[in-house]
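Under the working numbering, read the sequence shown as residues 263 to 602, first letter to last.
Beta carbons are placed, not taken as given, at the ideal position from N, Cα and C, and that holds for glycine.
Source: prediction; values computed, not measured.
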Amino acid sequence: MKNPSKFVLYIMIFILIIFVLPAICTKRMKKTKAKENEQNINKQIDNVKEKIKHDYSQYGTIKLLHKESGQIEELSIDKYLYGVVSAEMPANYEDEALKAQAVAARTYTIYQISNNKGKHGDADICDESTCCQAWISKEERMKSWSEEEREKNWNKIVSAVNSTAGQIITYKNDAINAFFHSNSGGKTELASNVWIGGKDFPYLQSVETAGEDNYSQYSSDVTILKTDLIDKLRKEYPDIQINFEENESIKILEYTKSGRVKTVKFGNTEIAGTKIRSIVGLKSTNFSIKIEGENVIFSVIGYGHGVGMSQTGADSMAKSGSNYEEILKHFYTGVEISTI
Ligand SMILES: [Zn+2]
263 MKNPSKFVLY
273 IMIFILIIFV
283 LPAICTKRMK
293 KTKAKENEQN
303 INKQIDNVKE
313 KIKHDYSQYG
323 TIKLLHKESG
333 QIEELSIDKY
343 LYGVVSAEMP
353 ANYEDEALKA
363 QAVAARTYTI
373 YQISNNKGKH
383 GDADICDEST
393 CCQAWISKEE
403 RMKSWSEEER
413 EKNWNKIVSA
423 VNSTAGQIIT
433 YKNDAINAFF
443 HSNSGGKTEL
453 ASNVWIGGKD
463 FPYLQSVETA
473 GEDNYSQYSS
483 DVTILKTDLI
493 DKLRKEYPDI
503 QINFEENESI
513 KILEYTKSGR
523 VKTVKFGNTE
533 IAGTKIRSIV
543 GLKSTNFSIK
553 IEGENVIFSV
563 IGYGHGVGMS
573 QTGADSMAKS
583 GSNYEEILKH
593 FYTGVEISTI
């Protein structure tokens, strides 16, 4: 051997290739495998956690508070939802709109139970539309339908609930606060503009919907005598003074981004649009004001608070070919429809 040191080097390289490298590789592979295993286990734990979080079997029975009588009725969630869908949406609306309503109402119910426990004592939810969501018994609903449409209407409601059984709207795996209303006037509203101190939710953005002007809920007027208006306002604002001789005695000062009235000046007092809505009994806060002779006329667009899904908007979308999932994803931004 001309160069023994080179020979030693070759031997060492040989040993390295045959024994050491495979050992290192195996160790690395073992490490990778262990990491993979760990990741798999974590994934499984997450899945189990998710399943526990979404174990809505606990909501099989709803304790419904009848606001008028103060009685609490226990009924299955589906039976409860038949009563909500039939109270909240006209049965002659499109099937896909009724399905969207069923999923929104189911989601709203679960959100209330999960997040607002204790609001109604032992009950989960009440039957008042201004507090929770409206509910009507089958017997009462049937009475309001003509005899020939009763069965068909009821079957439509039942089918909307049953065909979407177990489906709720989720955002980042949680049930959303699925607000809905009658008619948005073409554009929905942010929650923070409706409820004072109300927080906004990422899935409740202001969205536009075509075709809402085709519904009777779209526009309405309220005419009130100047003297009656002052009487009504004085109950809440005892120091209010309006001199109708003055220019701009009543003036809208500010609008929300969606075009609803945020603040109005009545004489010497500034009042929130939401407050005027409840004092005067307007269908929404999207209004203009006109003074004519002894009257004050409020011309109103839309019906309801304007947050979340518009029911006439849902029906309008269904008429244009959208299915219930598309309708829900239009009104609630970035959400998924999950089966529980
Ligand atoms: Zn309630």
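Spatial neighbours of residue i in its chain, beta-carbon cut-off 7 Å, leaving aside the 5 residues before and after
i: Glu358; result: Ala580, Ser584, Asn585, Tyr586, Ile589
i: Glu554; result: none
i: Asn505; result: Ser511, Gly529
i: Ala362; result: Met571, Ala576, Tyr586, Ile589, Leu590
i: Gln503; result: Gly529, Asn530
i: Glu516; result: Lys524, Thr525
Burial state of residue i (16 or more Cβ within 10 Å)
i: Trp457; result: exposed
i: Tyr272; result: exposed
i: Met274; result: exposed
i: Glu510; result: exposed
i: Gly380; result: exposed
i: Ala296; result: exposed
i: Gln333; result: exposed
i: Met263; result: Low confidence applies to Met263: its pLDDT is 47, below 50, so where it sits in the model is not reliable enough to give any reading.
i: Asn302; result: exposed
i: Ser408; result: exposed
i: Asn445; result: buried
i: Asp389; result: buried
i: Glu350; result: buried
i: Glu402; result: exposed
Proximity of residue i and residue j at Cβ, strictly below 8 Å
i: Leu327; j: Ala385; result: yes
i: Phe463; j: Gln573; result: no
i: Ser338; j: Ala437; result: no
i: Ile541; j: Leu495; result: yes
i: Thr369; j: Tyr465; result: no
i: Glu556; j: Leu487; result: yes
i: Asp399; j: Gly345; result: Per the sequence shown, the amino acid found at residue 399 is Ser instead of Asp. Yes, these two residues count as a Cβ contact at 8 Å.
i: Thr323; j: Glu336; result: yes
Cβ shell of residue i (< 6 Å), same chain only, five flanking positions each side left out
i: Ile514; result: Val523, Val526
i: Val472; result: Note that residue 472 is Ala in the sequence shown, not Val. So the list is empty, once near-sequence residues are dropped.
i: Thr432; result: Glu598, Ser600
Whole-number beta carbon distance between residue j and residue i, since they are thought to touch under 8 Å
i: Val484; j: Leu544; result: 6 Å
i: Asn548; j: Gly521; result: 6 Å
i: Thr518; j: Glu411; result: Not really, about 39 Å apart at Cβ, beyond 8 Å.
i: Ile430; j: Ser348; result: With a Cβ gap of about 20 Å, Ile430 and Ser348 do not count as contacting.
i: Thr426; j: Ala364; result: 5 Å
i: Asn476; j: Ser561; result: Contact flag wrong, Cβ pair sits at about 18 Å.
i: Ile602; j: Gly428; result: 5 Å
CB contact below 8 Å: residue i versus chain C
i: Glu401; result: Within the model displayed, chain C is absent; a lone protein chain is all it includes.
Nearest candidate by alpha-carbon position, reference residue i, set the options
i: Trp397; options: Glu330, Glu300, Leu466; result: Glu330
i: Tyr499; options: Ile486, Tyr480, Glu507, Lys537; result: Lys537
i: Asn439; options: Gly570, Glu300, Lys297; result: Gly570
i: Asn417; options: Met404, Gly428, Gln429; result: Met404
i: Ile533; options: Lys552, Ile512, Tyr465; result: Ile512
i: Gln395; options: Tyr342, Gln429, Asn354; result: Tyr342
i: Gln467; options: Ser478, Val423, Pro352, Asn455; result: Asn455
i: Tyr254; options: Asn378, Asn415, Glu300; result: Lying outside 263 to 602, the shown extent of the chain, residue 254 is not represented and no answer is given.
i: Gln374; options: Lys552, Ser478, Lys325; result: Lys325
i: Phe593; options: Gly568, Met351, Ala422; result: Gly568
Cutoff 8 Å; reference residue i; Cβ partners in own chain excluding five residues on either side
i: Ile563; result: Gly447, Gly448, Tyr480, Ser481, Ser546, Asn548, Phe549
i: Asn424; result: Asp340
i: Cys393; result: Lys329
i: Thr371; result: Tyr321, Ile324, Ile339, Tyr342, Leu343, Val346, Asp386, Ile387, Gln395
i: Gly460; result: Ala453, Ser454
i: Ala422; result: Val347, Asp357, Leu360, Lys361, Gln363, Ala364
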